[in-house]
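Below: one structure, written as C-alpha cells.
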Amino acid sequence: VEKAGYGARLVADTTPEMLDKETNERVAMLRARLTVSLVAGVPVTALSMIPALHFAGWQWWALALSLPVAVWGAAPFHRAAWMNARHRATTMDTLISIGIIAAMGWSVWALVWGNAAEDHGGMNMTSSEIDHIYMEVAVAVTIFLLAGRYFEARAKRRAGDALRSLLALGARSATVVRGGEEVLIDASAVKVGDLIVVRPGEIIAADGVVREGSSSVDVSMLTGESVPVDVTVGANVTGTTVNLTGRLVVQATRIGADSTFAQMARLVRDAQATKAPVQKLADRVSSVFVPSVIAIAIVTFGGWWWLDGDLSQAFTASVAVLIIACPCALGLATPTALMVGSGRAAQMGIVIKGADVLQGTRRIDTVVFDKTGTVTTGAMQLVDVVCHEGTSRTEVLAAAGALEHASEHPVAKAIASAARSELGTLASVTAFENLPGMGAVGVVGGASVMVGNELLMRRKLVLIPKPMSEAIESARASGNIAVLVAVNGTVKGVCVVADRPKANSAAAIAALRDLGLRPILLTGDSRATA
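Under our numbering, think of the first position of the sequence shown as 8, with each following residue one higher.
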C-alpha cells in the first residue's frame, strides 16, 4: 500500500468519539489553510487588480504573501496530484495543481529574470518582455477551491450527525445475570447467550429472545409505529427498543456489528460513502478529460506564441484553459449534495441504502406510505364511548380513565387524557396490574375495574353482551382500537380509540399526485378505512 503512494494503519477505535475527532481535525486543518490563504491572498488580489494601490516593490510583497498560499494553502491539491501522477492517473487536482504551479512559476520567473519588477521602481534584471505576473490567479484559485473543500468537510460532519444520532440511541449499560447475581456492565461487554435483565423504562441492550416475563415494548425507533408491541416468553426483541411496563429477562442472540441497530447505522454510513452514478461518471470523464485539457493548454500556448510571438499572452491563454476547465460541479458540488441529502434524510427517519439509490429517485413512479406515524399523527385519541344499557358515558369514562391513568400504554394515555379533559380530577387507583397483551386491572373507589380486550374478559370470566361485541367489531372494521370497560365483573361500555391523519397529509399526497406519482397506503386496515 505504501509503495502505491498511500498510507495504511490499523484502526483500533471506531467509536463515535474517534470518528468525531478525525472529522474535526480535518475541518480544523482546512479552516486554518483557508484562513491563512484569505489573510494573505486578499492583499495580493487587491494589489494586482487596483493600480492605485501600487508602490515601489509591491510585486515582491505580493510574492512574499502569495507563496505561503500557493505552497502550504494549496498543499492538499499538490499532494493529491503527486499521488495520482505516481499512478499515471489524472484528476481535477492535477489541473488545479498544474494551474497554480504554472501561475506562480511564471510570476517568479517574470520577477527574477524578466522585467515585471520595473513597475514603480521595481528592479530591471533583464531586457526581456516578460512583464506580467499572475500571482492573484494562483491565490484566487487556491482560496475558492479551499473554501469548497472546507464547506464540503463541514457538510460531511453535519451529515455524520445522523450516524451519531443513531449511535446515541443505543443502550450505554446493561444488567446481566452472572453466577446467579445481577451485574451492571457496559453494553459493549454483553456476549451472545448472556441473560439481560430489562426493567420498565430501560433500553434493551441487544437483540434477543425473551426468557422470562412479559411486557410492552416501544419499537417506534425501528418501525415508526406508536403502538407498543406486547411480548412474552419466546418473543424476539430488538436492541435499542424500550421496555415499557414489565420486567423482562432477555437472552442475547445478536450483539455488536451483527445487531439490527448496528446494521441500520451501517446503512447510513455506507450511504454516505458510496458513489452515485454521476460521481462515477465524473471519475471516468476525468481520466480522459484532464489529459485532454493539458494537451489543449500546451497547444494553446504554442499556438499563441507562434502566431503572436507574445510569450506573456501565450501563457495567459494556456493557464486560462487549465483553470476554467476544472469540472467543479461534478467533482465537488455533487458529492456534497449527496452527502448532505443522505444525512438529512437519516435525521428525518429515512434510511437511504446508497447514493445510487438517491440518484435513482428520478425514476420513481410510486410512493408507498406506512400509515401509523407517517400519514397519521401516531398519537391515539378517544373518538367514541359506547355505553351498555343503563350506564352513562361519565360512569364509563370515570372508571376507565382512573385505571388507565396508571398505565404507560398509548391507548391508555388516550383514554386517561380524554377522561381528565371531560371530568377533571380522576380517582386514585390501588392494586393496579398491567397485563401485556390483554389490558389492565385495578381498584378504583373500592370497585374492581378492568379495561382490555376480549381475552382479558374471558380470563376474568366476564360476560360480554352482544351489543358490546357488535360495537367492538364495528370499531375494528373502521380501523380503530376498541377496549372493553368492566366494573365489578360487569361490562359497562366500550372505549374507541383512533389515530388521526396529520394536518398536512392530504396536501402532501395531493402534491405527490400533481407530480405524477402514485401514492399507496400500506396498512392492515380495511379498504374503506384506508
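All C-beta atoms, glycine included, are put in the ideal place defined by N, C-alpha and C.
Check this for me: beta carbons of residue i and residue j, under 7 Å apart or not?
i: LEU491; j: VAL374; result: no
i: THR267; j: ARG164; result: no
i: LEU433; j: ALA413; result: no
i: LEU389; j: ALA447; result: no
i: LEU251; j: ASP225; result: yes
i: ILE303; j: VAL326; result: no
i: SER114; j: ILE140; result: yes
i: ALA196; j: ALA178; result: no
i: ALA324; j: TRP311; result: yes
i: SER73; j: ILE150; result: no
i: THR398; j: GLY500; result: yes
i: VAL183; j: ILE203; result: yes
i: LEU365; j: ILE359; result: yes
i: VAL51; j: MET142; result: yes
i: PRO508; j: ILE516; result: no
i: GLY121; j: ILE330; result: no
i: ASP100; j: ALA109; result: no
i: ASP363; j: PRO284; result: yes
i: LEU37; j: ALA160; result: yes
i: GLY496; j: VAL469; result: yes
i: VAL498; j: ILE471; result: yes
i: SER222; j: GLY253; result: yes
Ignore the nearest five residues each way along the sequence and tell me which others in residue i's own chain have a CB closer than 6 Å to its CB.
i: GLY208; result: none
i: THR437; result: VAL450
i: ARG40; result: GLY80 and LEU153
i: THR98; result: ASN91 and SER293
i: GLY539; result: Not covered by the structure: residue 539. The range shown for the chain is 8 to 537.
i: GLY444; result: ASP237
i: ALA482; result: ALA489 and VAL503
i: GLY48; result: VAL76, VAL146 and ILE150
i: HIS85; result: SER104
i: PRO298; result: THR97
i: ALA478; result: VAL393 and VAL501
i: SER512; result: VAL382
To the nearest angstrom, report how far apart residue i and residue j are at their CA atoms.
i: ALA77; j: ALA269; result: 44 Å
i: ALA406; j: ALA510; result: 32 Å
i: MET228; j: ASP521; result: 31 Å
i: GLY459; j: GLY385; result: 20 Å
i: TYR157; j: HIS94; result: 26 Å
i: TRP116; j: ALA344; result: 41 Å
i: PRO474; j: ALA454; result: 23 Å
i: GLY187; j: LYS28; result: 41 Å
i: MET130; j: ALA69; result: The predicted model places MET130 with a pLDDT of 34, which falls under 50 and marks its position as unreliable, so this point remains unresolved.
i: LEU463; j: GLY220; result: 18 Å
i: HIS61; j: LEU54; result: 6 Å
i: ASP506; j: ILE488; result: 9 Å
i: VAL418; j: VAL256; result: 25 Å
i: MET457; j: MET355; result: 39 Å
i: CYS394; j: ALA484; result: 19 Å
i: LYS198; j: ARG185; result: 12 Å
i: THR42; j: ASP201; result: 53 Å
i: VAL205; j: ALA423; result: 27 Å
i: ARG466; j: ALA514; result: 46 Å
i: GLY155; j: GLN258; result: 50 Å
i: VAL148; j: VAL46; result: 15 Å
i: GLU480; j: GLU402; result: 22 Å
Can you list, in chain order, the residues of its chain with a C-beta nearer than 7 Å to that of residue i? Leave out the 5 residues immediately preceding and following it.
i: LEU528; result: PHE376, LYS378, VAL382 and ALA537
i: GLN320; result: TRP311
i: ALA175; result: none
i: PHE322; result: TRP113 and PHE308
i: ARG400; result: VAL392 and CYS394
i: LEU102; result: VAL297, VAL300, LEU329, ALA332 and CYS333
i: ALA181; result: ILE192, ALA194, VAL197, ILE203 and ALA212
i: GLU415; result: LEU251 and THR252
Among the residues of its own chain, which have a CB less than 8 Å from the CB of residue i, if the five just before and after it don't count?
i: MET387; result: SER233, VAL234, PRO417, VAL418, LYS420, ALA421, ILE488, VAL504, ALA505 and ASP506
i: LEU524; result: ILE371, ASP372, THR373 and VAL374
i: VAL34; result: TYR157, ALA160, ARG161 and ARG164
i: LEU430; result: THR401, LEU404, ALA405 and GLY408
- [ ] Would you check if the stretch 237 to 251 and the stretch 198 to 215 touch, i.e. whether three or more CB-CB distances between them fall below 8 Å?
- [x] yes
TODO: Mind listing, in chain order, the continuous alpha helix (DSSP H) runs of no fewer than 4 residues lying wholly within the stretch 411 to 438?
DONE: 417 to 430
Open item on the list: Quick check for students: name the residue ranges of the beta strand (DSSP E) that lie wholly in the stretch 143 to 205, counting only runs of 3 or more.
Closed with: 180 to 185, 188 to 193 and 202 to 205
Task: Complete alpha helix (DSSP H) runs within the stretch 235 to 320 (minimum length 4 residues, chain order) - done: 267 to 280 and 284 to 315
- [ ] Output the residue ranges of the alpha helix (DSSP H) runs that lie fully inside the stretch 471 to 499 and measure 4 residues or longer, sorted by chain position.
- [x] 473 to 484
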